[in-house]
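All the letters of the sequence shown, read from the start, carry residue numbers 1 to 216 under full-length UniProt numbering.
What follows is a set of notes on a single structure, which appears directly below.
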Amino acid sequence: MESIAGQLYGILCERITTGVYAPGSRLDPQSIAKEFGVSRTPVRDTLARLEHDRLVETRPRSGTFVTRPTRHDVHEVCQLRKGLEWLATGVAAEAMPLERIADLRAEAVAALDSAEHGDFEPFFISDTRIHGEIVAVTGNSRLISARESVEPFVYWLRVLGATGRHRLAGSTRRHLEILDAMARRDVGAAQEAAALHLVEVEEWTLADMASHAIVT
């Protein structure tokens, strides 16, 4: 059974990444403890974990606040993802079953079609699944954990509007290049497409954040 702090982390993380708690808003530990009927200890532990994930920041003599994402944050996350996914894609190009690659490809194509008709959620699901399954197929628990550590931040940027919906066609094109190279068992081509995809994601994210006045 998950601990109280673990459950609280899930709730507060969701509130941050879905925009319920806006960037810059102050989180009051006493109010959180009262709302959930818990002591200050699990609240303190939860806020420490959120700070570790860079979703909140503690300011001396001021309190704890939801982070405002910076250009440096985006660069660090994309740099980490590029390294992790370059390695993972090489493994996946040799190990992922062809049937699963075909399923992910079909899902990506269908998701883009849905997006063109105004339904964007299937794309976000497909995007998360492709990247997640490529890393998962490595079977490397540390690699998987490292990716999971940045996933809330990546999702948060998307909710804030920093992943422009007009970028979906470009992202899908790269996803298909990665999957097609994997299906050919072409490790080099798959890794090259994955690395290029993350370079583009960083460029697109920064541009979209600037246009939404999100980045600091």
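Beta carbons are placed, not taken as given, at the ideal position from N, Cα and C, and that holds for glycine.
If I measure Cβ to Cβ from residue i and keep anything under 7 Å in the same chain, skipping five residues before and after, which residues do I get?
| i | result |
| --- | --- |
| Leu12 | Thr46 and Leu50 |
| Arg147 | Leu84 and Val135 |
| Gln30 | none |
Taking the alpha-carbon positions, what's the residue i to residue j distance?
| i | j | result |
| --- | --- | --- |
| Ala108 | Arg61 | 48 Å |
| Gly6 | Ser171 | 33 Å |
| Tyr21 | Ala115 | 27 Å |
| Arg54 | Thr67 | 7 Å |
| Gln191 | Ile134 | 11 Å |
| Ile32 | Glu14 | 14 Å |
| Arg185 | Arg100 | 13 Å |
| Ala194 | Glu2 | 35 Å |
| Ala92 | Val74 | 25 Å |
| Glu202 | Val150 | 14 Å |
| Asp103 | Ser145 | 25 Å |
| Ile4 | Val187 | 43 Å |
| Ala95 | Arg81 | 20 Å |
| Val56 | Ile178 | 34 Å |
| Leu8 | Arg44 | 10 Å |
| Pro42 | Glu35 | 13 Å |
| Glu200 | Thr58 | 32 Å |
| Ala48 | Ser141 | 23 Å |
| Pro23 | Leu157 | 11 Å |
I'd like the list of long-range same chain contacts for residue i, defined as Cβ closer than 6 Å, with 5 residues on each side in sequence excluded.
| i | result |
| --- | --- |
| Ala111 | Pro122, Phe123 and Ser126 |
| Arg26 | Gly63 and Phe65 |
| Pro138 | In the sequence as displayed, the identity of residue 138 is Thr instead of Pro. Taken in chain order, the residues that qualify are Ala88 and Val91. |
| Trp204 | Arg167 |
What residue range does the alpha helix (DSSP H) around residue i cover?
| i | result |
| --- | --- |
| Arg59 | Careful: Arg59 lies outside any alpha helix (DSSP H), inside the beta strand (DSSP E) at Val56 to Arg59. |
| Thr172 | Leu168 to Ala183 |
| Thr46 | Arg40 to His52 |
| Ser211 | Val187 to Ser211 |
| Val135 | Glu121 to Ala136 |
Exposed or buried, what is residue i when buried is set at 16 or more other beta-carbons lying within 10 Å of its beta-carbon?
| i | result |
| --- | --- |
| Ala88 | buried |
| Asp208 | buried |
| Val154 | buried |
| Thr18 | exposed |
| Ala181 | buried |
| His131 | buried |
| Pro97 | exposed |
Within its chain, find whatever has a CB closer than 8 Å to the CB of residue i; leave out the 5 residues flanking it on each side and keep chain order.
| i | result |
| --- | --- |
| Leu196 | Arg174 |
| Val159 | Thr17, Thr18 and Gly19 |
Considering just the uninterrupted stretch of the beta strand (DSSP E) at residue i, what are its terminal residues?
| i | result |
| --- | --- |
| Thr18 | That residue, Thr18, is in no beta strand (DSSP E); it is neither H nor E in DSSP. |
| Gly83 | No beta strand (DSSP E) holds Gly83; the alpha helix (DSSP H) holding it covers Arg71 to Ala95. |
| Gly63 | Gly63 to Val66 |
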